[in-house]
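Going left to right, the sequence shown walks through residues -18 to -1, 1 to 442 as mature numbering (1 follows the signal peptide of the UniProt record, and there is no 0) numbers them.
Glycine is no exception: its CB is placed at the ideal position from the N, C-alpha and C atoms.
Please read all numbers here as calculations on a predicted model, not as lab measurements.
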Amino acid sequence: MKLQVVLSLCAVLTLGLQAPPPEQCWCELINVGDEFPHDKLSTADGNASDCNRNITPNKTVELESLLLGLERRIAQLHKDVSVLEREDDGELYGVLSLYVIENEMVEIRHLMDRLNSTTETDQHLTADAVQQLRALRVEMREMETFDTAQVVRGRLDNELLRMDLNDCQNGLNATPPPTQPPPRTCAHGQLQNVTGPRVFTKGEYPGSYPYGAWGRDPEPEPGKESWYWLVMMTSGNKFSNYIRLYSSLSSLIVGKSVPGNVDIHPSNPTTNTIQGPNNVLYRGALYYNCYNQPEVCRFNLTTKKVTNFRLPEGTRYNSKGNFCQLDECYPFTDLDLATDESGVWVTYTTSQDFGNLVLSKVEEGEPPRLGQTWHTSIYKQAITNTFMACGVLYATRFKTKGVEEIFYALDTVTGKERFNLGILMNKMAPKIQALNYSPVDQMLHAYSDANMVSYKALFA
């Protein structure tokens, strides 16, 4: 900038012994150039921040997940229709197959609606972003004319040079990639999306038992690969003393239980019977919260033997450490058993953890015991359910009566927590009392207000 400085003459007078008067100076600064547009710079900075906030990698992941889900659903629909054409008996099997196909078509329609909505939104967002970027480019070029001393240009050149030097240094000191991937229990990667519901049924007792759990054994005995299990809280929505078995998904849907019930004890409740709905079946044994104890019970369906082990001192039980939503808590959900590709896990909370969620691996043995433990920073009563998949703990929370959100994840390999997953599940009823992951077919099995609902889990 060119400045003209006009100095007036400063006079100093000395009269005899009289003290000299103070010096007086007048300076006038005149800017002969254009005034720097601070308002434009502030506006440009705000517009750039808006672009960074609106356009994120999550939007691309969401679109890719929807396309992947649609691709898989169409392939599954084609497969099911082909099976129906070959094996339709005109009776029960055909009716059930048509019911499954109808559910798949409804799911595909929902996916296409979401895909159309997402695509339209992204198109508007892209058009707005392009227009804003063009305007930003013009404004920044105008403001560069004020950099007469080339200060900003010099800083940019220095920054580019520094980045080139870093790239060169990293290339020279690059560590060769490991010959094997880091330890993990499966190759799926992290959960990206959930589609469905895939299956929805009221079962044998429509509306009778709001609390319960169901699913599949990840490592079943030979000949029982297609079996499903069901545990309903038959006493006050809190307790149960048996597990009900079904030889196939079709049998579960129509309510034909074969071989039927396997009783833990004739009385309900009593010592070593089931307390709370969060149960799992693994290698032919049911894992659950023992009645009136801070313990995990393992009931072997073949030998009818119960073995148990105690959780750490201070573990909250008897409905003192429940899952909760905004309006209420789910009674006797202190312990939540889960299965994934590596085995059985249990989540709970203790007084020492001040109500925060604790995760432990259950090690097989006689009796079983607790293995490695992770202490999380998520408050247990701020979540509605948990499940394990591929060595990662996921937690859900109530969003609306029709939507549940998978929002939290803990990677047990890295120990890293995430609180912003934003994976939404469409519900068939307001509450989900139990949620189990099946590594056999990557399905999530939800027990929701006496309904049995399943969802497809999509991984990276």
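- Contact between P179 and S436 holds, since their C-beta atoms are separated by about 7 Å, short of 8 Å.
- Beta-bridge analysis with DSSP links V278 to N271, F291.
- In the structure shown, G373 falls within a coil segment according to DSSP collapsed to helix, strand and coil.
- DSSP places I246 outside any alpha helix (DSSP H), giving it a letter other than H or E.
- In the structure shown, S342 adopts extended strand secondary structure according to DSSP, grouped into three states.
- Contact annotation, P200 with V422: C-beta distance approximately 6 Å; criterion of less than 8 Å satisfied.
- When secondary structure is reduced to three states using DSSP, Q105 falls in the helix class.
- For the 8 Å CB-CB criterion, Q257 and F305 do not form a contact.
- Between V344 and G353 the beta-carbon gap is near 7 Å, inside 8 Å, which marks them as a contact.
- Taking a C-beta distance under 8 Å as the contact criterion, I414 and Y390 do not qualify as a contact pair.
- With contacts defined by Cβ atoms closer than 8 Å, L212 and G194 form a contacting pair.
- Here K438 is bridged, per DSSP, to T177, M425.
- Counting only runs of 4 or more residues that sit fully inside the segment 347 to 418, no alpha helix (DSSP H) segment turns up.
- Taking all protein chains in view, the Cβ of I12 is surrounded by fewer than 16 other Cβ atoms within 10 Å, so the residue is classified as exposed.
- Under a 10 Å Cβ-count criterion, T285 is classified as exposed, with fewer than 16 other Cβ atoms of the shown protein chains found around its own Cβ.
- Pairing E399 with L392, the inter-Cα distance amounts to about 5 Å.
- Excluding its 5 nearest sequence neighbours in each direction, M122 has C-beta neighbours in its own chain below 7 Å: A26, listed in chain order.
- In the displayed model, S222 falls within a strand according to three-state DSSP.
- If you draw a 10 Å sphere on the C-beta of Q105, you find fewer than 16 other C-beta atoms in it, and that means exposed.
- Shown here, D110 sits in a helix according to DSSP, grouped into three states.
- Note that the C-beta distance between C372 and D318 is not below 8 Å.
- In the pairwise beta carbon analysis, the segment 61 to 68 is classified as touching the segment 77 to 91: at least three pairs are separated by under 8 Å.
- The secondary-structure analysis by DSSP pairs D322 across a beta bridge with G325.
- DSSP places S301 in the coil class of the three-state scheme, outside both helix and strand.
- Three or more Cβ pairs closer than 8 Å define a contact, and the segment 217 to 232 meets that threshold against the segment 240 to 251.
- By the neighbour-count definition (other C-beta atoms within 10 Å, threshold 16), P350 is a buried residue.
- Residue state for A117 is assigned as helix, using DSSP reduced to three classes.
- Secondary structure note for V236: its alpha helix (DSSP H) is the uninterrupted segment 231 to 236.
- In this structure, the alpha-carbon of N175 lies about 16 Å from that of T368.
- Remark: C-beta atoms of L263 and G197 approach each other more closely than 8 Å.
- Judged by their CB atoms, Y187 and W209 are not nearer to each other than the 8 Å cut-off.
- Beyond the five residues adjoining it in sequence on each side, T378 comes within less than 6 Å, by CB distance, of T366, N367, E386, I388 in the same chain, given in chain order.
- Non-local C-beta neighbours of M215 in its own chain, meaning closer than 7 Å and more than five positions away in sequence, comprise Y191, Y193, G194, F221, S222, P259, ordered along the chain.
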